[in-house]
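Peer 1: These protein sequences, in sequence, are chains H and U.
If you want this note's numbering, it's the 1-based position in the first sequence plus 626.
If you want this note's numbering, it's the 1-based position in the second sequence plus 36.
Just so it is clear, CB atoms sit at the ideal spot from N, CA and C, and this is done for glycine as well.
Below are the C-alpha cells for one structure; questions will follow.
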Amino acid sequence: MVENRQWLTIFTHVVLLLGIAIVAFPIYVTFVASSHTLFDLVRMPMPLLPGAEAVNNYMQALRAGLGEGAGTEAIGAGRMMFNSLVMALGIAGGKIAISIIAAYAIVYFRFRFRMTAFWLIFITLMLPVEVRILPTYKVVADLGMLDSYAGLIIPLIASATATFMFRQVFLAVPDELAEAARIDGAGPLRFFWDILLPLSRTNIAALFVILFIYGWNQYLWPLMITNDADMLTVVIGINRMLAVGDDQAEWQIIMATTILAMLPPVLVVISMQKLFVKGLTETEK
Amino acid sequence: MAGVELRNVVKRYGDTQVVHGVDCSIADGEFLVIVGPSGCGKSTLLRMIAGLEAISGGEIAIGGRVVNKLEPAERDIAMVFQNYALYPHMSVYDNMAYGLKIRGLPKSEIEERVRKAAGILELADELLRRKPRQLSGGQRQRVAMGRAIVRNPQVFLFDEPLSNLDAKLRVQMRLEIKKLQESLGITSVYVTHDQVEAMTLGHRLMVLNAGVVEQLGAPIELYERPASLFVAGFIGSPAMNFVAARVSADGAALELPGGDRVPLANGHAGAAAGRNVTLGVRPEHLDPAQDGGGVAHLNVAVVEQLGADTLVHGHFGSDRSDLTLRLHGTHSFKSGEVLPLNVRPDHLHLFDPETGKRLVS
C-alpha cells in the first residue's frame, strides 16, 4: 500500500489475522483433539486447549492406528505413511520423468505426427481420472497389479499438464543454445542431460512439490485397487478408521493420524520453497 | 587450417529460394565478411557453412573436404553467436571447456587450452569461475570467442557478434576481433549488416542482396568501383547520391536535370553516349565551387555539424534531386542558401537505370 495511515495498517492486519484464523482453526482443533482421551473428546463442550495425552495417542496411532478387524491385523500409521510416501514419490518422479522426455521429443525433434502426438497428449487434459477409472481398473486388474505399488503408481503417471509445462519451458530456451551444443559436439542425449535438465531444475522442483502433494492426497484410485491392509495409504487408512459401524470411532487416534498425514507434504513444501517460487516465477533462461 | 569453398550453394525452404547459387573461394587465413540488409540470406549462408542448416544445392568444402553431409561438430569449425549462446548454468571455465570435454580430451590439456585462450582474451582467473549472467556484455562476448578459440578450429564463423553491444564497446571489440584473427591466422567468415564493421574487418567483402552475390572484393574496391547501384548505396556512409542524368551525344559530358553539364573523364562513357544513366557521386566527392563557377546549384535544406565533418543536405535542378555533401571541418551554411558545386570527374559512377549495373570503366 502506498498510503501509510495507522487505522489502515490495523485494518489490514485484522483482515490478515482473520484469514489465518479461518484457515488454521480446523487444523488447531485437529491437533487439540489428538491430545485428549476419547472420554474427554466426546463430552460437551469439546476442549479447545491441548491435553496431556498427545504422546500416548501418537504412539498408538503409529503402532496400530487401524485396529484389528475381521480377519485383518492391526496396522500402524507408520506403515500407511510409508505406502503413501512410495506412491507420492513414484507418481511425482514418474510424471516428471515421462513428461520431460515427451516434451523433449516434441520440442526438439522433427518427426512424422509430432503435432498429432502433442495434441493427443493435450486432449487427455480434458478427461479427469474419474472418467476413465473403470477401463483403467480393468487393465490394472488384468495385469495383476492390484494391491501393489506398481498398480498404485503407473496408471497415474501419464501427465498432459506436466508435458505441456515442460514444452513451454523448452520453447523458452534459445535455439542458439541447442546449436552451440551441436557445434560443441553434444549429441541429443548429452544436450538433454548436460544442458536442458540443469536449466529446468527449478521447474522440476516446482512440479515435484505440486505432484508430490497430488500423489499423497490420492483418494479414489488407491481406494479402488487396494484391499490388503499392508497396502493402505494413509488417506485411505483414515477413512477406514472412521468406518467402525456401531462402535465408537476412536477420534483421538484418527486426529493424531491426520496430523501425521499432513506432515510430509508440509515438509516437502518448506524444504523446496525457494526453488518452488523460483520455478513458478523465474523467466530468465 | 584451411580454406573454404562454396560451389553454387543454394538454399530453398519449400518453394521459396532464399540463396541463389553462391560461388566463393575463401583462402586459408582470409577474413571474409558477408554483408547485406536483413533478410538477404547472409545468416542462412553462414549457418549452412556451420552445418546448422541443410544445404539444398551445391557444395561446401572446408579444407578440401566436402562437408555437406557432416554434422557441425565434425566440420572443425567454431561459431560465435549474436546472443553469445553461453550455457547459463555453467561457469565461464566450463562453458569454454564443454566442447573439449565431449571430445574426450584429457583434463590437463583442457585446462591448458582454456587458460591459454583466457590469456589471449585477457579474461582474469577470477572471471573463469563466474556464471555468464554475472558478466558484462563485453565479457560475455569474450567468453563466446574463447569458446571458439579453445576448439582450435579450421574456420571461425561469426554471426553478427557485435550487434548486442553498445556503440563504444562495439568499436573496441571490432578492433580486438581484427587483431585476434590476424594473430591466430584462422580463416574467418563474419556476417554483419553494419557496413562499417564490414569495411574495417574484412580482407574481402561479399555483398549479398536477396540471396544473390552483388559483388565480391576488397573493401576499397567495393568503395571505389561498386558493381551495382545496390552496392554503391550500401557501402559508404552517408550513402552515395544518385541523380538521373543523360550522357551527351558525343559522350564527353553528362547533362544534369538542371541543364548543367559535367565533363566526363577521358573515355569514361564512350559506349553510353546519348543514354539515360543514373549518376552516383559520394557525398565526400563534392565540394562547393570557389570562384563563381560550378554546376548543380544546391539549395541547402539542412546542415548537420559532426565536428570533424559537416553534412549538407539539399536539392538542386529542375526535378529537385536530393543531394548530400560531406565537407571536411566545420562550415556554416544557412537553410535556403544556394551553393554551386564542383564535381570531380574521376569520382563519378554511372549505372544503367534499368539493370542497376555499373556502366563502363
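(1) Whose Cβ in chain U lies nearer than 7 Å to the Cβ of H:G811?
(2) DSSP three-state label for U:I113, please.
(3) Say whether chain U places a C-beta atom closer than 8 Å to the C-beta of H:P824.
(4) U:L114 touches chain H at which residues, Cβ-Cβ below 8 Å?
(5) Examine chain U for any beta-carbon lying closer than 8 Å to the beta-carbon of H:I821, and answer yes or no.
(6) Are the CB atoms of H:A831 and H:G905 within a distance shorter than 8 Å?
(7) Need the endpoints of the alpha helix (DSSP H) that H:G704 sits in, please.
(8) Would you check if there are 3 or more beta carbon pairs closer than 8 Å linking the region 91–110 of chain U to the region 142–161 of chain U?
(9) List, in chain order, every chain U residue whose beta-carbon is nearer than 7 Å to that of H:S816.
(10) Using the rule of at least 16 other Cβ atoms within 10 Å of the residue's Cβ for burial, across every protein chain shown, is U:Q251 buried or exposed?
(11) Let me make sure I understand the geometry here. Which of U:K47, U:D51, U:V102 has the alpha-carbon closest to that of U:S79?
(12) Please state the DSSP three-state secondary structure of H:K911.
(13) Using a cut-off of 7 Å between C-beta atoms, extract the partners of U:N119 located in chain H.
(14) Just the chain H side, please: which residues come within less than 7 Å of U:H125 by C-beta, in chain order?
(15) Taking its Cβ as the centre, do 16 or more other Cβ atoms sit within 10 Å of U:T52, making it buried, or is it exposed?
(16) Kindly indicate the opening and closing residues of the alpha helix (DSSP H) around U:L244.
(17) When you compare only the Cα positions, how much space is there between H:K911 and H:V799?
(18) Smallest Cα separation from H:A855: which of H:S785, H:S774, H:P676?
(19) Between H:A806 and chain U, is there a C-beta pair that is closer than 8 Å?
(20) Looking only at DSSP bridge pairs, what is U:E41 linked to?
(21) Going by C-alpha distance, which of H:L643, H:L746, H:N682, H:L642 is nearest H:S660?
(22) What does the alpha-carbon distance come out to for the pair U:D355 and U:A337?
(23) By the DSSP assignment, the alpha helix (DSSP H) with U:A133 in it spans what residues?
(24) Under 8 Å, Cβ to Cβ, is there at least one residue of chain H near U:L198?
(25) Could you tell me the boundaries of the beta strand (DSSP E) in which H:P891 lies?
(26) Less than 8 Å between the CB atoms is what I'm expecting for H:A804 and U:F117, so what's the real figure, rounded?
(27) Can you find a C-beta in chain H that's less than 8 Å from the C-beta of U:A38?
(28) Figure out for me which residue from U:V317, U:R240, U:K370, U:S74 has the closest Cα to the Cα of U:A254.
(29) Write down the C-beta distance between H:A718 and H:F834 rounded to the nearest angstrom, noting that I regard them as a contact closer than 8 Å.
(30) So H:Q878 and H:E679 are supposed to be a Cβ contact under 8 Å. How far apart are they, rounded?
(31) Identify, in the order they occur along the chain, each residue of the same chain with its Cβ nearer than 7 Å to the Cβ of U:L341, setting aside the five sequence neighbours on each side.
(32) How far does the beta strand (DSSP E) with H:I821 in it extend, from its first residue to its last?
(33) Just the chain H side, please: which residues come within less than 7 Å of U:A254 by C-beta, in chain order?
(34) As a quick exercise: from H:A869, H:V903, H:L822, H:V765, pick the residue whose alpha carbon is nearest that of U:M126.
(35) Which residue or residues does DSSP assign as beta-bridge partners of U:L334?
(36) Let me make sure I understand the geometry here. Which of H:A788, H:V755, H:P848 has the alpha-carbon closest to that of H:I836?
Peer 2: Reading off the structure:
(1) Numbered from 1 along the first sequence, position 185 holds the residue referred to as residue 811 of chain H. Neighbours of H:G811 on chain U, chain order: A109, G135, I138, R139.
(2) In the second sequence, the residue the question calls residue 113 of chain U occupies position 77. The answer is strand: DSSP assigns U:I113 an E or B state.
(3) Residue 824 of chain H sits at position 198 when you count from the first residue of the first sequence. Judged by the 8 Å Cβ criterion, H:P824 is in contact with chain U.
(4) Taking the first residue of the second sequence as 1, we reach residue 114 of chain U at position 78. Just to set this straight, residue 114 of chain U is Ala in the shown sequence, not Leu. Neighbours of U:A114 on chain H, chain order: I809.
(5) The residue labelled residue 821 of chain H in the question sits at position 195 within the first sequence. H:I821 counts as touching chain U.
(6) As a working mapping, residue 905 of chain H is identified with position 279 in the first sequence. As a working mapping, residue 831 of chain H is identified with position 205 in the first sequence. For H:G905 and H:A831, yes; Cβs fall inside 8 Å.
(7) What you label residue 704 of chain H is simply residue 78 of the first sequence in a count that begins at 1. Where H:G704 is concerned, the enclosing alpha helix (DSSP H) stretches over 703–734.
(8) no
(9) Taking the first sequence and counting its residues from 1, one reaches residue 816 of chain H at position 190. With the sequence shown as reference, residue 816 of chain H is identified as Arg, and Ser is not the correct amino acid for it. In chain order: I138.
(10) Counting from 1 along the second sequence, the entry for residue 251 of chain U is found at position 215. Buried, since its Cβ has 16 or more Cβ neighbours within 10 Å.
(11) Taking the second sequence and counting its residues from 1, the one referred to as residue 79 of chain U is at position 43. Residue U:K47 is the option with its Cα nearest to U:S79.
(12) Locating residue 911 of chain H in the first sequence gives position 285, counting from the first residue. Legend: pLDDT at H:K911 = 47, less than 50; position of this residue unreliable, no value from coordinates given.
(13) By 1-based counting over the second sequence, the position of residue 119 of chain U is 83. Under the 7 Å cutoff, chain H gives P800, E802.
(14) Start at 1 with the first residue of the second sequence, and residue 125 of chain U comes out as number 89. Here the neighbours are P824, L825.
(15) Translated into positions along the second sequence, residue 52 of chain U becomes position 16. With fewer than 16 other Cβ atoms within 10 Å, it is exposed.
(16) For the purposes of this step, residue 244 of chain U is identified with residue 208 of the second sequence, where counting begins at 1. Not the alpha helix (DSSP H): U:L244 falls in the beta strand (DSSP E), residues 240–245.
(17) The sequence position of residue 911 of chain H within the first sequence is 285, counting from 1. The sequence position of residue 799 of chain H within the first sequence is 173, counting from 1. The predicted model places H:K911 with a pLDDT of 47, which falls under 50 and marks its position as unreliable; any figure quoted below should be read in that light. Rounded to whole angstroms, H:K911 to H:V799 spans 6 Å at the Cα level.
(18) Taking the first residue of the first sequence as 1, we reach residue 855 of chain H at position 229. Residue H:S774 is the option with its Cα nearest to H:A855.
(19) Position 180 of the first sequence holds residue 806 of chain H. Yes, because at least one Cβ of chain U sits closer than 8 Å to the Cβ of H:A806.
(20) As a first step, residue 41 of chain U is located in the second sequence; it is residue number 5 there, counting from the start. Looking at the DSSP assignment, U:E41 forms a beta bridge with U:S61, U:A97.
(21) For this step, residue 660 of chain H is matched to residue 34 along the first sequence. Nearest option by C-alpha distance: H:N682.
(22) Here residue 355 of chain U corresponds to residue number 319 of the second sequence, with the count starting at 1. Here residue 337 of chain U corresponds to residue number 301 of the second sequence, with the count starting at 1. Going by the C-alpha atoms only, they are around 15 Å apart.
(23) Here the question's residue 133 of chain U lines up with position 97 in the second sequence. Where U:A133 is concerned, the enclosing alpha helix (DSSP H) stretches over 128–138.
(24) Against the second sequence, residue 198 of chain U aligns to sequence position 162. It does not; no Cβ of chain H falls within 8 Å.
(25) One-based indexing of the first sequence puts residue 891 of chain H at position 265. Looking at the DSSP string, H:P891 is not in any beta strand (DSSP E); the run it does join, the alpha helix (DSSP H), is 877–897.
(26) Here the question's residue 804 of chain H lines up with position 178 in the first sequence. Here the question's residue 117 of chain U lines up with position 81 in the second sequence. Incorrect: roughly 11 Å between the Cβ atoms, too far for contact.
(27) For the purposes of this step, residue 38 of chain U is identified with residue 2 of the second sequence, where counting begins at 1. Not closer than 8 Å to any Cβ of chain H, the Cβ of U:A38 fails to qualify, so no.
(28) Locating residue 254 of chain U in the second sequence gives position 218, where the first residue counts as 1. Nearest of U:V317, U:R240, U:K370, U:S74 to U:A254, Cα basis: U:R240.
(29) Stepping through the first sequence from its first residue, residue 718 of chain H is reached at position 92. Stepping through the first sequence from its first residue, residue 834 of chain H is reached at position 208. Their Cβ separation, rounded to whole angstroms, is 5 Å, which keeps H:A718 and H:F834 in contact under 8 Å.
(30) If you number the first sequence from 1, residue 878 of chain H lands on position 252. If you number the first sequence from 1, residue 679 of chain H lands on position 53. Their Cβ separation, rounded to whole angstroms, is 7 Å, which keeps H:Q878 and H:E679 in contact under 8 Å.
(31) Here the question's residue 341 of chain U lines up with position 305 in the second sequence. Here residue 341 of chain U is Gln; the residue named in the question, Leu, does not match the sequence. Cβ within range, chain order: T366.
(32) Residue 821 of chain H sits at position 195 when you count from the first residue of the first sequence. Unbroken run through H:I821: none, as it is neither H nor E.
(33) Indexing the second sequence from 1 puts residue 254 of chain U at position 218. Going along chain H, no residue has its Cβ under 7 Å from U:A254, so there is no contact; the nearest lies around 30 Å.
(34) Here residue 126 of chain U is taken as the residue at index 90 of the second sequence, counted from 1. When each option's Cα is compared against that of U:M126, the closest is H:L822.
(35) Within the second sequence, numbered from 1, the residue matching residue 334 of chain U stands at position 298. DSSP lists U:L375 as partners of U:L334.
(36) Walking along the first sequence from the start, residue 836 of chain H turns up at place 210. Out of H:A788, H:V755, H:P848, H:A788 has the C-alpha closest to the C-alpha of H:I836.
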